[in-house]
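The block underneath contains the structure these notes are about, expressed in structure tokens.
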Amino acid sequence: MSAQIDQVSVVKKSNIYFDGKCVSHTVILADGSKKTVGVIFPSSLTFNTGAPEIMEVVGGVCKVRLDGADDWQTYGAGQEFKVAGNSKFDIETVETLDYVCHFG
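Sequence positions in the sequence shown follow our numbering and run 544 to 647.
Now the structure itself:
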């Protein structure tokens, strides 16, 4: 996992979800693919997905329960988890979580 994403355009308008508990910005790579870079503040949230996602944890710790799973998994900085398209996942954070969401 790289510490930065090179050669991108950044959409200036932020994506704000769950009354400000999750804030991100979309970055567009040279090949046209998109990622979001953001933070999730301490909270318990449920995200719905359209496309498959890889959530890369850059900083902080979270617990995640994927759609259909009974058990929670813990992820920290340097780890990632995959979410199927047209699915959902529950996430709990007790500290600010920095992440990059890779689509597709």
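For each residue, glycine too, the CB sits at the ideal point set by N, CA and C.
Please read all numbers here as calculations on a predicted model, not as lab measurements.
Please return the same chain residues whose Cβ sits closer than 7 Å to the Cβ of residue i, not counting the five positions on each side in sequence.
i: M598; result: E623, F624, V626, Y642 and C644
i: N591; result: K631
Is the separation between the beta-carbon of residue i and that of residue j shorter than 8 Å?
i: L640; j: G611; result: no
i: F646; j: A594; result: yes
i: I571; j: S545; result: no
Give me, in chain order, the residues of the same chain whose beta-carbon lies closer than 8 Å to that of residue i; leave out the 5 immediate sequence neighbours on both sides.
i: D614; result: R608
For the beta strand (DSSP E) that contains residue i, what are its first and last residues?
i: S552; result: V551 to V553
i: S567; result: C565 to L572
Please work out which residues of its chain come closer than 6 Å, Cβ to Cβ, to residue i, disregarding the five sequence neighbours upstream and downstream, and give them in chain order.
i: T579; result: S567, T569 and C644
i: D583; result: In the sequence on display, residue 583 carries Ile and not Asp. Closer than 6 Å at the Cβ level, and outside the excluded window around I583, lie C565, T636 and L640.
**Item:** Uninterrupted beta strand (DSSP E) stretches inside the stretch 578-646 (no shorter than 3 residues)
**Value:** 586-591, 596-602, 604-609, 616-619, 623-626, 631-636 and 640-646
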